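Residue numbers (the UniProt record's numbering): 1 to 145.
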């Protein structure tokens with residue numbers, strides 16, 4: 001669980017150091033702008049704004065019941081962030097399983113990806129699709145649209 005916070009913490013500390021340096025050299029506006037930029041990136045990579053995760057077993061059970069895809073992901077993955085952003089509100093309709101919080105989910109992911117923990121991997125009707133196009137994922141949610 002701690003490793004999900006490593007990148008955001010490093011970004012906050014780095015931003016603080018850079019902003020302090022700018023402030024001490026007499027550039028308070030630059031310092032504030034840089035600190036805000038680092039904080040924005042830290043927020044984007046933090047687990048706070050991540051989708052609500054459930055364990056892989058529950059995600060697969062729900063997917064079997066409602067037909068919605070399961071997304072295996074992890075915090076800090078730029079491809080997972082891209083998928084979330086491009087899906088917009090549709091993100092809430094997927095079943096998300098964080099492989100860093102669920103060792104069984106990581107095992108399912110490795111089985112689907114020849115031993116690799118490649119994320120995001122979307123499982124639709126039992127078939128894994130590694131790093132799929134967000135438009136394709138949206139089509140799986142609304143096949144008739």
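Cβ coordinates follow ideal geometry from the N, Cα and C atoms, glycine included.
Computed from a predicted structure; not experimentally measured.
- Secondary structure of residue 47 (DSSP, three-state): helix.
- Judged by their CB atoms, residue 62 and residue 98 are not nearer to each other than the 8 angstroms cut-off.
- In this structure, residue 56 sits away from residue 137, with a CB-CB distance that is not shorter than 8 angstroms.
- DSSP, read as helix, strand or coil, puts residue 4 in helix.
- By the criterion of at least three beta-carbon pairs nearer than 8 angstroms, the stretch 85 to 92 is not in contact with the stretch 23 to 41.
- Around the Cβ of residue 142, a 10 Å sphere holds fewer than 16 other Cβ atoms; the residue is exposed.
- Within the stretch 7 to 71, the complete alpha helix (DSSP H) segments at least 4 residues long are 28 to 45 and 56 to 66, listed from N- to C-terminus.
- Counting only runs that start and end inside the UniProt domain "Glutaredoxin" (70 to 127), the alpha helix (DSSP H) elements of at least 4 residues fall at 78 to 87 and 103 to 112.
- By the 16-neighbour rule on beta-carbons within 10 angstroms, residue 121 is buried.
- Here residue 106 is not near residue 128, since their CB atoms are 8 angstroms or more apart.
- Here residue 119 is near residue 77, since their CB atoms are less than 8 angstroms apart.
- If you draw a 10 Å sphere on the C-beta of residue 114, you find fewer than 16 other C-beta atoms in it, and that means exposed.
- By the C-beta density criterion, residue 132 is buried, having at least 16 other C-beta atoms within 10 angstroms.
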